[in-house]
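Visitor: Numbering (the working numbering), first residue to last: 91 to 1080.
Structure in structure tokens, see below.
Below you can see the structure in the form of structure tokens.
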């Protein structure tokens, strides 16, 4: 049976199974799996239906059919939009790749919908880690219109929600865009987009939480609580129909109907509203069927409902899986097959796109076909442009700077220099782009070893002074960050800690690296960019005072600003502790564990206990993981709201109500379905944080290094019973909505506290002192959904038992640097980015520099060198170091590197440039050779073709003042990496 899933998401598809009922369990211990789940072998995929097979497979009329299949796929390079037209035998191609510079991410994720013409896709995209921040998930997604025929991209000057239902396409070219609120910014904001003209209408504010919004007529229709609600052009609302629960998957059709899904306990219904008449179209189990939108006002009923009524002409039933994606006219349905390895396609500078595998069916002929296509980095017109939602400075000529008077974004004492990759005065404590501050990227086995030891307080191995060139005195990880005693006793579940690390960073400690390499520390929003606030004009400005400063594998934020630059209520950690957290994965894990232990103690001590409260069972961390992400609001003793916040409450209508457990198998009742739905990792915005953590604990991430990233949790029982128990890791979402937190699962009210008007209606009934609904339904009561948790909850799996005294696993060996110039003539003069005598982690004191190396950074705003944001360092270059950025064709991101031999060096010389194993992928790096006498030669080097080698530029007669220069703005706007490493001058030539 194939693994089914999505990469990216079509907005609003139900994906869950019916909740498993009580199961009698014959106890049998099942050891944790040690190997990757193995999918049933699929036939080799093709890029298109073979010409000779098209009549047989595709049926009659395919040659003239307007049908278009489309999907999305995200990886480290960007969010790809792929299409395949029936008239071309469904030959898949990448029409556009969407990304923005300056974000360290392993994967771009997002949602998309196609307009009624079938010609345009509206796409919301963002780095995966945006889903870990409530404000970014609610309104931080970059938004663009993609022409599916030409590939032209128009990026819009707004950021919108990453919730599963946004964007919402209608029957024509109008599209609804949603900006969600939260506890701090209540209400919902809607924008109407004319996709054909790429014009945005005025922002319309609606009180409360409105979800699954689509354009209908001149207004909108969405879900406000249990009501299908119409919103007019001024924000006025009219309830059209009442549902049994929050309506979702709202699909308008071409004959004026509005179709939607609703849950009713363990059942689900598809309903249709026409005028004031509402009828039921289909019924069945939760997740047994779905509603897909097509072009021209078509709606498709997929899956296997138990009953189906007579359907109107605009609603067509397709006998395909409930989770299938459907082409614009319904001639093709397909599901994505995704492997564990693709949960981390790579975030390094050398990462290549993983192939997209699609298992498809042609409903007309019932023929199956397997497609496989490797997304290419398509950069058509507009795709490489910076999103206007990130702000644009005043125009400046290339190579010049503007000195217009602009109010500085940072404080007056903040210094930023044109020629230094490191800004000397950031507010985060540990700098980036400092050659003496390189973090080590660990192997997954090293991460797991550190966690297994830390949870028992045994991560006390001594780190000698200057361990791994960190510049630290001798220390031990848990000597520096001793563990807390858990309230109620016991220890943290190993898989919960590993699941948090997987969700926070994909097990990264360093940025843009592979295991064994050294690079910049992984830092959350180091430059303090305001890319989620109301003002989109300054999102590339540097705001040191807004820096997040989350470091490393656990994204440790607390205390990680410089002393004197702390956030309100924050106390800066000692500088030695800050540096250890940023550079050493083991120290970071020890500090992260303290934070998680504090969240357990905070919730447990206030009565927020799950099941039997045993901390070794994974489900019992539901509250603590919730608080780890969105915080805990202590009781003030005045009767006011307190507990864990609303944003991660599983009943919050921003999450797909029909979602299955994160990464679980599609059908736990099918013993042949053994492969988790790894494509869930491509749209994590559909689940609250704690459900993602438990999902990773149950299935593990795959990093491509040591197989499955870590040993998973396991559930005991006969095979079927164990599977069902694992599926029951996800509780009924109604359990966290009751009278204790002023919440009623059956109620739907509109939040109306000032600022919350944009929130969709929901079950939260809490009112502030002025009698306004304020979304402060903060939960603070114990919850049990597994009364026999000692048998039915997930057990941890320990790989490195402390009594066995395991040594720290050996370091990774990816991309060793070339430390000496052994492949060049002995008399070669080396000009490098490393100062002579500087010790690099994997080359020691071998580096040399016989000349002068200078980098110059372009300004994005006067006095602010925006180009540094997307400049990175790695230790796999010549001598153990190199710099790289991305070719964006923009003056704002321009970096100019210049290598000059000693001024005394003249005469005939052979000139070489070194291209490191990773970090250089452009095919058009233009090196300028200035011979010192006014003559300039421009040479193009395909860096992709020279990985780990010297590229010969030629022999030249040099005079004093000669140099070699690389200007990154000369390369085409391909988004590929461009490296700046060493240059060699060989006296006498070659």
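Each residue gets a CB set at the ideal place from its N, CA and C atoms; glycine is no exception.
Taking residue 203 as part of the alpha helix (DSSP H), name the residues at either end of that continuous run.
Guide: Taking the first residue of the chain shown as position 1, residue 203 is located at position 113. Here residue 203 belongs to no alpha helix (DSSP H); instead the beta strand (DSSP E) covers 198-204.
Visitor: If we ignore side chains and look at the alpha-carbon of each, how far apart do residue 490 and residue 507 end up?
Guide: The sequence position of residue 490 within the chain shown is 400, counting from 1. The sequence position of residue 507 within the chain shown is 417, counting from 1. With a pLDDT of only 27 at residue 490, under 50, the local geometry of the prediction cannot be trusted, and the value read off the model is given with reservation. Their Cα atoms are separated by approximately 15 Å.
Visitor: For residue 1068, which of helix, strand or coil comes out of DSSP?
Guide: Taking the first residue of the chain shown as 1, we reach residue 1068 at position 978. Residue 1068 falls in the strand class under three-state DSSP.
Visitor: Would you report the Cα separation of residue 840 and residue 227, rounded to the nearest angstrom?
Guide: Walking along the chain shown from the start, residue 840 turns up at place 750. Walking along the chain shown from the start, residue 227 turns up at place 137. Near 21 Å, if we compare the C-alpha coordinates of residue 227 and residue 840.
Visitor: Going by DSSP in three states, residue 263 sits in which element: helix, strand or coil?
Guide: Mapped onto the chain shown, residue 263 falls at position 173. It is coil, neither helix nor strand.
Visitor: In the DSSP output, what is residue 854 paired with across the bridge?
Guide: On the chain shown, residue 854 is found 764 positions in, with the first residue counted as 1. DSSP output for residue 854 lists 833 as bridge partner(s).
Visitor: Short of 6 Å in beta carbon distance, which residues of its chain neighbour residue 908, apart from the five on each side in sequence? Order them along the chain.
Guide: Locating residue 908 in the chain shown gives position 818, counting from the first residue. Answer for residue 908: 968, listed in chain order.
Visitor: Could you round the C-beta distance between residue 751 and residue 819 to whole angstroms and report it? I think they count as a contact, below 8 Å.
Guide: Taking the first residue of the chain shown as 1, we reach residue 751 at position 661. Taking the first residue of the chain shown as 1, we reach residue 819 at position 729. Their Cβ separation, rounded to whole angstroms, is 6 Å, which keeps residue 751 and residue 819 in contact under 8 Å.
Visitor: My assumption, with CB atoms under 8 Å, is that residue 282 sits in contact with residue 305. Please give the rounded CB distance.
Guide: Here residue 282 corresponds to residue number 192 of the chain shown, with the count starting at 1. Here residue 305 corresponds to residue number 215 of the chain shown, with the count starting at 1. The pair is a contact, with the Cβ atoms about 6 Å apart (cut-off 8 Å).
Visitor: Tell me whether residue 145 is buried or exposed, calling it buried when 16 or more other Cβ atoms sit within 10 Å of its Cβ.
Guide: What you label residue 145 is simply residue 55 of the chain shown in a count that begins at 1. Exposed, because fewer than 16 other Cβ atoms sit within 10 Å of the Cβ of residue 145.
Visitor: Reducing DSSP to helix, strand and coil, say where residue 950 ends up.
Guide: If you number the chain shown from 1, residue 950 lands on position 860. Here residue 950 sits in coil by DSSP.
Visitor: Along the chain, where does the alpha helix (DSSP H) containing residue 667 start, and where does it finish?
Guide: In the chain shown, residue 667 corresponds to position 577, counting from 1. 665-673 is the extent of the alpha helix (DSSP H) around residue 667.
Visitor: Exposed or buried, residue 686, counting other C-beta atoms within 10 Å across all chains shown (16 or more means buried)?
Guide: Locating residue 686 in the chain shown gives position 596, counting from the first residue. When all chains shown are included, residue 686 counts as buried.
Visitor: Please tell me whether residue 823 and residue 974 are closer than 8 Å, where the distance is taken between their beta carbons.
Guide: Along the chain shown, read from residue 1 onward, the residue named residue 823 stands at position 733. Along the chain shown, read from residue 1 onward, the residue named residue 974 stands at position 884. No.
Visitor: With DSSP run on the structure shown, which of helix, strand or coil describes residue 242?
Guide: The count along the chain shown starts at 1 and reaches residue 242 at position 152. Three-state result, residue 242: coil.
Visitor: Run through the DSSP bridge pairs and tell me what residue 1008 is partnered with.
Guide: On the chain shown, position 918 is the one that residue 1008 refers to. Residue 1008 pairs with nothing; no bridge assigned.
Visitor: May I have the straight-line CA-CA distance separating residue 901 from residue 411, to the nearest angstrom?
Guide: As a first step, residue 901 is located in the chain shown; it is residue number 811 there, counting from the start. As a first step, residue 411 is located in the chain shown; it is residue number 321 there, counting from the start. Answer to the nearest angstrom: the Cα atoms are 45 Å apart.
Visitor: Just verifying my parser: in three-state terms, what is the DSSP assignment at residue 145?
Guide: Here residue 145 is taken as the residue at index 55 of the chain shown, counted from 1. In this structure, residue 145 counts as helix in the three-state DSSP scheme.
Visitor: So for residue 1034, helix, strand or coil by DSSP?
Guide: The residue labelled residue 1034 in the question sits at position 944 within the chain shown. If DSSP states are grouped into helix, strand and coil, residue 1034 belongs with the helices.
Visitor: In terms of DSSP beta bridges, what is residue 1026 paired with?
Guide: Looking up residue 1026 in the chain shown gives position 936. 1020.
Visitor: Rounded to whole angstroms, what's the CA-CA distance from residue 394 to residue 372? Just pull it up for me.
Guide: As a working note, residue 394 is residue 304 in the chain shown. As a working note, residue 372 is residue 282 in the chain shown. Straight-line Cα distance between these residues: approximately 9 Å.
Visitor: Would you report the Cα separation of residue 415 and residue 161, rounded to the nearest angstrom?
Guide: In the chain shown, the residue the question calls residue 415 occupies position 325. In the chain shown, the residue the question calls residue 161 occupies position 71. Whole-angstrom Cα-Cα distance: 8 Å.
Visitor: Taking only runs that begin and end inside the segment 558-591, name each unbroken alpha helix (DSSP H) of 4 or more residues, in chain order.
Guide: Runs of the alpha helix (DSSP H) inside the segment 558-591: 567-570.
Visitor: Is there at least one Cβ from chain C nearer than 8 Å to residue 780's Cβ?
Guide: Protein chains in the displayed structure number just one, and chain C is not present.
Visitor: Can you list, in chain order, the residues of its chain whose CB lies under 7 Å from that of residue 915, leaving out five sequence neighbours each side?
Guide: Mapped onto the chain shown, residue 915 falls at position 825. Answer for residue 915: 1076, listed in chain order.
Visitor: What residues in its chain sit with their C-beta under 7 Å from that of residue 603, if we drop five residues either side in the sequence?
Guide: The residue given as residue 603 occupies position 513 in the chain shown. Closer than 7 Å at the Cβ level, and outside the excluded window around residue 603, lie 438, 531, 609, 964.
Visitor: State the Cα-Cα distance for the pair residue 1052 and residue 1011, rounded to the nearest angstrom.
Guide: Stepping through the chain shown from its first residue, residue 1052 is reached at position 962. Stepping through the chain shown from its first residue, residue 1011 is reached at position 921. If you take the alpha carbons of residue 1052 and residue 1011, they lie about 27 Å apart.
Visitor: If you draw a straight line from the C-alpha of residue 408 to the C-alpha of residue 392, how long is it?
Guide: On the chain shown, position 318 is the one that residue 408 refers to. On the chain shown, position 302 is the one that residue 392 refers to. Answer to the nearest angstrom: the Cα atoms are 5 Å apart.
Visitor: Would DSSP call residue 342 helix, strand or coil?
Guide: In the chain shown, the residue the question calls residue 342 occupies position 252. Correct three-state label for residue 342: strand.
Visitor: Tell me, which residues are paired with residue 284 by DSSP?
Guide: Within the chain shown, numbered from 1, the residue matching residue 284 stands at position 194. For residue 284, which the question treats as bridged, DSSP gives the partners 264, 289.
Visitor: Would residue 787 and residue 772 qualify as a contact pair, given that the criterion is a beta-carbon distance under 8 Å?
Guide: Within the chain shown, numbered from 1, the residue matching residue 787 stands at position 697. Within the chain shown, numbered from 1, the residue matching residue 772 stands at position 682. Contact flag unset, no.
Visitor: Using a Cβ distance threshold of 8 Å, determine whether the segment 777-795 contacts the segment 806-813, with at least three qualifying pairs required.
Guide: They do not touch, by the three-pair rule.
Visitor: Exposed or buried, which one is residue 1026 when buried takes at least 16 other CB atoms within 10 Å?
Guide: For the purposes of this step, residue 1026 is taken as the residue at position 936 of the chain shown. Residue 1026 is exposed by the Cβ-count criterion.
Visitor: If distances are taken between C-alpha atoms only, which option among 632, 537, 211 comes closest to residue 385?
Guide: One-based indexing of the chain shown puts residue 385 at position 295. Closest option to residue 385, Cα to Cα, is 211.
Visitor: Taking just the CA atoms, how far does residue 333 sit from residue 748?
Guide: Residue numbering aside, residue 748 sits at position 658 when the chain shown is read from its first letter. Residue numbering aside, residue 333 sits at position 243 when the chain shown is read from its first letter. Rounded to the nearest angstrom, the two C-alpha atoms are 15 Å apart.
Visitor: Please classify residue 663 as buried or exposed, where buried requires at least 16 other C-beta atoms within 10 Å of its C-beta.
Guide: Walking along the chain shown from the start, residue 663 turns up at place 573. Answer is buried; the Cβ neighbour count reaches 16.
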